[in-house]
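**Student:** Handing you a structure now.
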Amino acid sequence: MIMSEKKIKKFIIPVLLVVIFVTSSYVVGTKLLINDNTFSFVNKEEKLVSNFDNQFDISANEENLDTDLNKSITELTKKTTYLLLGSPNMQNESTQNYYKRHKDYLALRYNPKVPEDEKSVSGLDENSQEFKDDVLSGLSVPSMFLELNELEVKYNSYGEIRITKLDNERVLSTVTLENVKIKEPSEEEPMKYNIVQKNLTMYYYFKLLNNEYKLLYLYGETDDDIRSYIENSDEKSGELTKDKDYNSKLRNIYDFSAADNLKEEILNKIYDNNKENVVYLNAIYNIGTIVSANGIFIGEGLIATTYNFVEQSLMKAQNILIMDGLQNVYQLDGIVTMNIQNDIAILKIKDKNSNYIKFEDTNKLQKENAVISLNNKNGVGLATTKGIVTSTSTNIQTSIPVTEEIQGSPVFNSEGKIIGLINSKSLNSSISYVTENNILKEYSNKLSQVKFEEIKAIPFSELKENYYIKYNEETQINNVPEDKLKEYSEESNIDDVIKLKLIKSSYKDGIISLRYKNDIKNYINTMQFALKYIENLKSKGYEEKYTSDSKVILEKDKNRIIISEEFDYLIIVMVRL
454 MIMSEKKIKK
464 FIIPVLLVVI
474 FVTSSYVVGT
484 KLLINDNTFS
494 FVNKEEKLVS
504 NFDNQFDISA
514 NEENLDTDLN
524 KSITELTKKT
534 TYLLLGSPNM
544 QNESTQNYYK
554 RHKDYLALRY
564 NPKVPEDEKS
574 VSGLDENSQE
584 FKDDVLSGLS
594 VPSMFLELNE
604 LEVKYNSYGE
614 IRITKLDNER
624 VLSTVTLENV
634 KIKEPSEEEP
644 MKYNIVQKNL
654 TMYYYFKLLN
664 NEYKLLYLYG
674 ETDDDIRSYI
684 ENSDEKSGEL
694 TKDKDYNSKL
704 RNIYDFSAAD
714 NLKEEILNKI
724 YDNNKENVVY
734 LNAIYNIGTI
744 VSANGIFIGE
754 GLIATTYNFV
764 EQSLMKAQNI
774 LIMDGLQNVY
784 QLDGIVTMNI
794 QNDIAILKIK
804 DKNSNYIKFE
814 DTNKLQKENA
824 VISLNNKNGV
834 GLATTKGIVT
844 STSTNIQTSI
854 PVTEEIQGSP
864 VFNSEGKIIG
874 LINSKSLNSS
884 ISYVTENNIL
894 KEYSNKLSQV
904 KFEEIKAIPF
914 SELKENYYIK
924 YNEETQINNV
934 PEDKLKEYSE
944 ESNIDDVIKL
954 KLIKSSYKDG
964 IISLRYKNDI
974 KNYINTMQFA
984 LKYIENLKSK
994 GYEEKYTSDS
1004 KVILEKDKNR
1014 IIISEEFDYL
1024 IIVMVRL
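Every position in the sequence shown, counted from 1, becomes a number in this note's numbering once 453 is added.
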């Protein structure tokens, strides 16, 4: 069963740092910061990274996915999703269309010609890869269609599509569908169903057959599936917790014997050698944790974690608290450097310590080698999670499940040597990606050449202030020509339906930005004030291209409207494409 029945409740403070101008209808592309003072578009990474000492810059490991392959697999992913689930926001599908969709979907199945073997009962060579692949696709492809349609999954739009070339024949494509509506058995009345909203990720494994990619295997997971596993880890202070193996659906296509046969001695060795090297990072707002992650000491008083964690912290939090698995607490001095391509940020603590991970030469990883993550999920203790390498084609990919909390965790091989750091490339997922050992080692080597006292670290508060300025000025500022605002907004009756105070409006190069203040955010969520406006836009022919708790993007002809929230402000950006 792919859907967890366990209800997971998580306190979320929705907050948006920047308004993102999306360069693709379905996938958020280059991150652009709209600066309201000049209304110029500034590359977000350049603005942030320009603050740091460039002597610690290192080159990135690039993923060189062929452009044509990326395009074709993206379209194949959308096609597969449509044939599985129907069109976005589909209502009352006809029987004729359902059966056509089913037929076209089954035509995607990988069905190779299987060699014959007169000695076998089936008359086919049951030891051949073709036979194994045919059985795998023959079971998984038809059954997934029936299962998802029985659950009556409804989705708004295609979310982020991520493509990984696994080898010369196989490609993995994942698509995350946010806030899908799905039928789920009622806990109170098992014979009845409730309609709930979840984020659903579909995993498609395509394999070449006669120069055409066909669907070999697929499965789906919700956020709850991964989170239920992670939260069942019973960490204890000062002790090692050995997580139960995740019931990975990848076991149908990979051999997990190397991970299954790992000895307890290896897990204990990894813990004993690194219990003071792994830290838990809490980004705090008031008295609550907004976002958390792991990190590792790579030098005296120097911690490596993910760019994503620090960026999210700058967006949403007031400070970062640091603690290791033995409950030792460290005070953040500042941020030394950040690199979005490598998904790495280096933090410096106030007082240097002598414990840090030692980087050793390791053998080249092979597919299905065992790997172990040492992580701290809740700030209490450390746990090991076992998995295997699923691909080394571009970046290391593993079967270790990952949530936001354990990004930044170190990953070790079966000899107990570090091979890298779990990055944020795929969160809330049954697969994880690893920033490799050589990158961490290069940072460590460069930093070790400078005295600890001389390593410049920018204080969190200073970087936050430079990176993002919250608008405290409540006087209304308006530089939008009246005719332009009327031209953009009259068909949606924006003045009548947005019942908030307009604080600031700007216009430049065909783009209007409107900023409204929500003085009752403690009682009514800011995005609630935009619901009527969104419905008006839809009634005028606008289509939702992207939706989440804090952002909605709609398009009609050459018009794009981006609606988002930022602290207690509602932001509406109107763009002529």
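Ideal Cβ placement from N, Cα and C applies to all residues, glycine included.
#1: When the Cα of tyrosine 657 is compared with those of Ile526, Met543, Glu631, Asn647, which residue comes out closest?
#2: In three-state terms, what does DSSP make of isoleucine 431?
#3: Between the alpha carbons of asparagine 726 and phenylalanine 913, how many angstroms are there, rounded?
#4: Use the C-beta contact count for methionine 644: other C-beta atoms within 10 angstroms, 16 or more gives buried, fewer gives exposed.
#5: Just to confirm, are isoleucine 775 and valine 732 a CB contact at a threshold of 8 angstroms?
#6: Give the DSSP-derived three-state secondary structure of valine 633 in the structure shown.
#7: Count the other CB atoms within 10 Å of the CB of arginine 968; is the residue buried (16 or more) or exposed (fewer)?
#8: Please state whether the Cβ-Cβ distance between asparagine 829 and asparagine 721 is less than 8 angstroms.
#9: Alpha carbon to alpha carbon, how far is tyrosine 999 from serine 477? Give it in angstroms, no decimals.
#10: Let me check understanding here. Comparing Cα to Cα, which of Ser710, Ser745, Thr845 lies closest to glycine 873?
#11: Looking at C-alpha atoms only, which residue of Asn647, Leu653, Leu668, Leu661 is the closest neighbour of tyrosine 558?
#12: Quick one: what's isoleucine 655 bridged to in DSSP?
#13: What's the call for methionine 543, buried or exposed, on a 16-neighbour Cβ count within 10 Å?
#14: Serine 966 to serine 959, Cα distance in whole Å?
#15: Might you give, ordered along the chain, the residues of its own chain that have their beta carbon closer than 7 angstroms to the beta carbon of serine 598, omitting 5 neighbours on each side?
#16: Cβ of valine 842 within 8 angstroms of Cβ of valine 824?
#17: Residues in the same chain with beta-carbon distance under 7 angstroms from asparagine 490, minus the five sequence neighbours each way, listed in chain order, please.
#18: Please go through the same chain and pick out, in chain order, the residues whose beta-carbon is closer than 7 angstroms to the beta-carbon of alanine 910, but skip the five residues on each side of it.
#19: Using C-beta distances below 7 angstroms, list every residue in its chain close to asparagine 730, excluding the 5 sequence neighbours before and after it, in chain order.
#20: List the endpoints of the continuous alpha helix (DSSP H) containing serine 901.
#21: Are the Cβ atoms of isoleucine 892 and isoleucine 614 separated by less than 8 angstroms?
#22: In angstroms with no decimal places, state the Cα-to-Cα distance between glycine 834 and glutamate 692.
#23: Any idea if glycine 752 is buried or exposed, counting beta-carbon neighbours within 10 angstroms, 16 or more meaning buried?
#24: Thinking C-alpha only, which one of Phe865, Glu906, Leu767 is nearest glutamate 915?
#25: What are the boundary residues of the alpha helix (DSSP H) that glycine 752 is part of?
#26: Out of Phe905, Arg562, Lys991, Ser882, which one is the CA nearest neighbour of serine 596?
#27: Tell me the residue span of the beta strand (DSSP E) that contains threonine 758.
#28: Under the assumption that isoleucine 853 contacts serine 826 (Cβ atoms under 8 angstroms), give the Cβ distance between them as a whole number of angstroms.
#29: Mind pulling the alpha helix (DSSP H) runs of 4 or more residues that sit fully within the segment 517-587?
#30: Give the DSSP-derived three-state secondary structure of phenylalanine 1020 in the structure shown.
#31: Look at the alpha carbon of glutamate 857 and the alpha carbon of leucine 779, and state the distance between them as a whole number of angstroms.
#32: Are there three or more Cβ pairs, one per stretch, closer than 8 angstroms when the segment 566-577 is compared with the segment 598-607?
#33: Output yes or no for whether 8 angstroms exceeds the beta carbon distance between asparagine 504 and asparagine 919.
#34: Strictly by DSSP, which residues pair up with arginine 426?
#35: Quick one: is valine 864 buried, meaning 16 or more other Cβ sit within 10 Å of its Cβ, or exposed?
#36: Please list, in chain order, all residues of the same chain as aspartate 708 whose beta carbon is under 7 angstroms from its beta carbon, the five residues on each side excluded.
**Tutor:** Let's see:
#1: Scanning Ile526, Met543, Glu631, Asn647 for the CA closest to the CA of tyrosine 657 turns up Ile526.
#2: Because the chain spans 454 through 1030 in this model, residue 431 falls outside it and cannot be assessed.
#3: In this structure, the CA atom of asparagine 726 is about 30 angstroms from the CA atom of phenylalanine 913.
#4: With fewer than 16 other Cβ atoms within 10 Å, it is exposed.
#5: Contact annotation: isoleucine 775 and valine 732 have beta-carbon atoms nearer than 8 angstroms.
#6: DSSP places valine 633 in the strand class (E or B) of the three-state scheme.
#7: Classification of arginine 968: buried, given that the 10 Å Cβ count is 16 or more.
#8: The answer is no: Cβ separation not under 8 angstroms.
#9: Here serine 477 scores only 35 on pLDDT, less than 50, and its place in the model is too uncertain to base an answer on.
#10: Considering only alpha carbons, the answer is Thr845.
#11: The shortest C-alpha separation from tyrosine 558 is found at Leu668.
#12: Per the sequence presented here, residue 655 reads as methionine, with isoleucine not at that position. Looking at the DSSP assignment, methionine 655 forms a beta bridge with Val628, Gly673.
#13: Taking a 10 Å sphere around the C-beta of methionine 543, we find fewer than 16 other C-beta atoms and assign the residue as exposed.
#14: Cα to Cα, serine 966 sits roughly 5 angstroms from serine 959.
#15: Sequence inspection shows phenylalanine at residue 598; the serine mentioned does not correspond to that position. Excluding residues within five positions, the ones whose Cβ falls inside 7 angstroms are Leu537, His555, Tyr558.
#16: For the 8 angstroms CB-CB criterion, valine 842 and valine 824 form a contact.
#17: In this prediction, asparagine 490 has a pLDDT of 36, which is less than 50 and means its spatial position is unreliable; nothing more can be read from the coordinates.
#18: The answer, listed in chain order, is Asp786, Gly787, Ile788, Val789, Lys801.
#19: The answer, listed in chain order, is Ile749, Phe750, Asn808, Tyr809, Ile810.
#20: Counting along the chain, serine 901 sits inside the alpha helix (DSSP H) bounded by residues 890-901.
#21: No, Cβ-Cβ distance for isoleucine 892 and isoleucine 614 is not below 8 angstroms.
#22: Pairing glycine 834 with glutamate 692, the inter-Cα distance amounts to about 6 angstroms.
#23: Residue environment for glycine 752: buried (at least 16 other C-beta atoms within 10 angstroms of its C-beta).
#24: Closest option to glutamate 915, Cα to Cα, is Leu767.
#25: Counting along the chain, glycine 752 sits inside no alpha helix (DSSP H); it lies in the beta strand (DSSP E) bounded by residues 741-752.
#26: Each of Phe905, Arg562, Lys991, Ser882 was checked against the Cα of serine 596, and the nearest Cα belongs to Arg562.
#27: Residues 755-758.
#28: That belief holds up - the Cβ atoms of isoleucine 853 and serine 826 are roughly 5 angstroms apart, short of 8 angstroms.
#29: Listed in chain order, the alpha helix (DSSP H) elements of length 4 or more contained wholly in the segment 517-587 are 520-538, 548-559.
#30: In the three-state DSSP reduction, phenylalanine 1020 falls in the coil class, being neither helix nor strand.
#31: In this model, glutamate 857 and leucine 779 are separated by some 21 angstroms (Cα to Cα).
#32: The segment 566-577, when compared against the segment 598-607, does not touch it at the 8 angstroms Cβ threshold.
#33: Asparagine 919 sits close to asparagine 504, with the two beta carbons spaced by under 8 angstroms.
#34: Missing from the structure shown is residue 426; the chain here goes from 454 to 1030 and no further.
#35: So valine 864 ends up on the buried side.
#36: Exclusion of the five residues before and after aspartate 708 leaves Glu821 as the residues of its chain whose Cβ lies within less than 7 angstroms of its Cβ.
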